[in-house]
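Undergrad: Below you will find the structure I want to go over with you.
Residue numbers (the working numbering), protein chains in the order written: chain A, 4 to 368; chain B, 156 to 359.
Right, here's the structure in full:
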């Protein structure tokens, strides 16, 4: 009789479907996964060490490069942490513009997720449809801060500059255009038989396990836990805005897909409200020049498109932070990949990686 | 919402003060249940931080988990080279029902190990691996304590304060004699300059 043997298969760091340099060592029995061991660190750049050697303001561009697909929320988390450390009040107009940037960034990041996830599973069209809208958002960013991807668009105490002439009208044009485009993406995938066969019941995780693994963002909400940092620990002016938090029922890949699609619609709603409510005023808090906080430590988190992104800053009285620790949502979410993939086929690993929406820049820092 | 002018920004911003928090209900409860475990309690900028004794850490954490702190947000390792116990590990916990957060800190010396909390929150697996990799803090009882961001065989702990920013010689360089660090010309010496037409002032 034949022995059943496990095969160790390397899904190497160079792979079109791993969304970056991720190495997965799969142990398989035929085509069924027995275990998944992720090896990361191929993009480790020592960001936390670099933070300790530069002043607080000089660290802001470093944060862009962590989750390079969603730079505005990275900036927001770091700058928010320093403001919490120092007790700086950000002017209201700056807070509204920050939220506009963050929600535009959330839509842009989810479009990348949708395009790449669908591409991995064989659907090529959503990528092209989505990137057409993403170009509009990136053009808006370029007009505002000069950069499309690594924005560096926030400063400690507010923003670097006020919005250009007519920028808010162009945001309004985007907001009015987006819902029908979102419906186009839905028409491609949501009722698609192949999509459902590939994603329903793949990568299921229960709500208790999801909290235990520390999942946040759409992986947590897809399992039915209605928890969002913008609601649970509101920051900036989110407590004044009206938006819903979508959740899923089964905790599978299809539910996480639906959650992210709905999040895009809710982000659009938030943008609409911000455009109505934005006041005139200052763009940055006054008097924030040399930052030398006394010894203290804080933690501040935001709802990044990938989950809860937090910064712990420990200061020691000098103008450079003593220790900055990033809580990367993708790092913590990726840990659960073994639980999500166990018993599935190799092709489902690709679906699970896509649904976790990982960006190696954030995992490895 | 009525649109009104935002209040005038104060001329001097005031950094919040750290306040002793011995009468905070959570601290009182922990002191009652686990005598002599809470060494200090501070509230800064709305966050409660308790320094606790490393030996009782797992008991405290299990108790906090059953009282609702089911989500381990982050595990932060900090290196204070001058302190008597140089390594601090901070655990940030979150209660999903009441949205409360609490930070527990333990301090250990180089040779001591921190008890692992992977049995309590599964999140801690990779977070502890990262603290071990970057700082060298040992976690007692961790199922799989190996390096995660650097490679196996890397000699050093990058986030320690005595690790230089520019990096160390990891033994990974190849052909060092031919291609020295930092690049540079491939030739060993510059080619001889072309012979001058009239030596003039130079010697014979």
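All C-beta atoms, glycine included, are put in the ideal place defined by N, C-alpha and C. For clarity, every value in this text was computed on a predicted model and none was experimentally measured.
Could you check where the alpha helix (DSSP H) with residue 344 of chain A kicks off and where it finishes?
TA: That run of the alpha helix (DSSP H) goes 340-344.
Undergrad: Go to residue 361 of chain B, then tell me how far its beta strand (DSSP E) extends in each direction, as first and last residue.
TA: Shown here, chain B extends from 156 to 359; a query on residue 361 of chain B therefore has no answer.
Undergrad: Skipping 5 residues on each side, what residues in its chain have a beta carbon closer than 7 angstroms to that of residue 79 of chain A?
TA: For residue 79 of chain A, where only same-chain residues beyond five positions count, the Cβ hits under 7 angstroms are 101, 105, 157, 305.
Undergrad: To which residues does DSSP link residue 270 of chain B through a beta bridge?
TA: B/295.
Undergrad: Given a cut-off of 8 angstroms, decide if residue 220 of chain A and residue 295 of chain A are closer than it, judged by their beta-carbon atoms.
TA: Result no, Cβ atoms of residue 295 of chain A and residue 220 of chain A do not sit closer than 8 angstroms.
Undergrad: In terms of DSSP beta bridges, what is residue 38 of chain A paired with?
TA: Paired residues: A/30.
Undergrad: Decide yes or no for the touch test of the stretch 11-27 of chain A against the stretch 268-282 of chain B: beta carbon pairs closer than 8 angstroms, at least 3 of them.
TA: These segments do not touch.
Undergrad: Mind checking if residue 296 of chain A is an interface residue toward chain B, Cβ cutoff 8 angstroms exclusive?
TA: With 8 angstroms as the cut-off, residue 296 of chain A counts as an interface residue toward chain B.
Undergrad: When the distance is taken between beta carbons, is residue 343 of chain A closer than 8 angstroms to residue 366 of chain A?
TA: No. Outside cutoff.
Undergrad: Quick one: complete alpha helix (DSSP H) runs, 4+ long, within the stretch 86-148 of chain A?
TA: Runs of the alpha helix (DSSP H) inside the stretch 86-148 of chain A: 95-123, 128-148.
Undergrad: Please report the straight-line C-alpha distance between residue 32 of chain A and residue 269 of chain B, rounded to a whole angstrom.
TA: Whole-angstrom Cα-Cα distance: 37 angstroms.
Undergrad: Let me know the secondary structure DSSP gives residue 311 of chain B once reduced to three states.
TA: Three-state result, residue 311 of chain B: coil.
Undergrad: Going by DSSP, what residue range makes up the beta strand (DSSP E) through residue 280 of chain B?
TA: Not the beta strand (DSSP E): residue 280 of chain B falls in the alpha helix (DSSP H), residues 279-290.
Undergrad: Report all residues from its chain with a CB closer than 6 angstroms to the CB of residue 213 of chain B; omit the five preceding and five following residues, and keep chain order.
TA: Once the five neighbours on either side are set aside, the close Cβ partners of residue 213 of chain B are 270.
Undergrad: From residue 169 of chain A to residue 251 of chain A, what does the alpha carbon distance come to, in whole angstroms?
TA: Computed Cα separation, rounded: 38 angstroms.
Undergrad: Take the Cβ of residue 175 of chain B as the centre, count every other Cβ of all protein chains shown within 10 Å, and call the residue buried at 16 or more, exposed below.
TA: Flag for residue 175 of chain B reads exposed.
Undergrad: Assuming residue 234 of chain B contacts residue 300 of chain B under a Cβ cut-off of 8 angstroms, what Cβ separation, rounded to an integer in Å, is found between them?
TA: Contact flag wrong, Cβ pair sits at about 18 angstroms.
Undergrad: Just how far apart, CA to CA, sit residue 245 of chain B and residue 193 of chain A?
TA: Their backbone Cα atoms lie some 43 angstroms apart in a straight line.
Undergrad: If you reduce the DSSP assignment to three classes, tell me which class residue 257 of chain B lands in.
TA: Three-state DSSP puts residue 257 of chain B in a strand.
Undergrad: For residue 83 of chain A, collect the residues of the same chain with a Cβ closer than 7 angstroms to its Cβ; drop the 5 residues on either side in sequence, then sort them by chain order.
TA: Within the same chain, residue 83 of chain A has close Cβ partners 238, 303, 305.
Undergrad: List the residues of chain A that residue 229 of chain B touches, going by C-beta distances under 8 angstroms, in chain order.
TA: Per Cβ cutoff of 8 angstroms: 302, 313, 315, 328, 330.
Undergrad: Quick check on residue 143 of chain A: buried or exposed, where buried means 16 or more other Cβ atoms within 10 Å of its Cβ?
TA: Looking at its Cβ environment, which holds 16 or more other Cβ atoms inside 10 Å, residue 143 of chain A is buried.
Undergrad: Let me check understanding here. Comparing Cα to Cα, which of B/241, B/273, B/185 lies closest to residue 261 of chain B?
TA: Ranking the options by Cα distance to residue 261 of chain B, first place goes to B/241.
Undergrad: Mind checking residue 255 of chain B: buried by the 16 CB within 10 Å criterion, or exposed?
TA: Under this definition residue 255 of chain B is an exposed residue.
Undergrad: Just to confirm the assignment: which complete beta strand (DSSP E) runs, minimum length 3, are found wholly within the stretch 253-332 of chain A?
TA: Correct list: 299-307, 310-318, 326-330.
Undergrad: Looking at chain A, is there any beta carbon in it that lies within less than 8 angstroms of the beta carbon of residue 356 of chain B?
TA: Unreliable placement is indicated for residue 356 of chain B, whose pLDDT of 48 sits below 50; no coordinate value is reported for it.
Undergrad: How far does the beta strand (DSSP E) with residue 198 of chain B in it extend, from its first residue to its last?
TA: Residues 193-199.
Undergrad: What is the DSSP secondary structure of residue 224 of chain B, counted as helix, strand or coil?
TA: Coil.
Undergrad: Taking 8 angstroms as the threshold (C-beta atoms), are residue 352 of chain A and residue 39 of chain A in contact?
TA: Contact: yes.
Undergrad: For residue 148 of chain A, does the count of other Cβ atoms within 10 angstroms reach 16, so buried, or fall short, so exposed?
TA: Result: buried.
Undergrad: Using a Cβ-Cβ cutoff of 8 angstroms, what residues of the stretch 219-243 of chain A are near chain B? List them in chain order.
TA: Going along the stretch 219-243 of chain A in chain order, one finds 228, 230, 235, 236, 243 with a Cβ nearer than 8 angstroms to chain B.
Undergrad: Can a CB atom of chain A be found closer than 8 angstroms to the CB of residue 311 of chain B?
TA: No, residue 311 of chain B does not count as interfacial toward chain A.
Undergrad: DSSP three-state label for residue 301 of chain B, please.
TA: Residue 301 of chain B: coil per DSSP, three-state reduction.
Undergrad: Give me the residue from B/250, B/231, B/326, B/193 with the minimum Cα distance to residue 315 of chain A.
TA: For the residues B/250, B/231, B/326, B/193, the minimum Cα distance to residue 315 of chain A belongs to B/231.
Undergrad: When you compare the CB positions of residue 162 of chain A and residue 287 of chain A, do they come within less than 8 angstroms of one another, or not?
TA: Their beta carbons are under 8 angstroms apart, which means residue 162 of chain A touches residue 287 of chain A by this criterion.
Undergrad: What residue does the beta strand (DSSP E) around residue 242 of chain B start on, and which one ends it?
TA: Looking at the DSSP string, the run of the beta strand (DSSP E) that includes residue 242 of chain B is 242-249.
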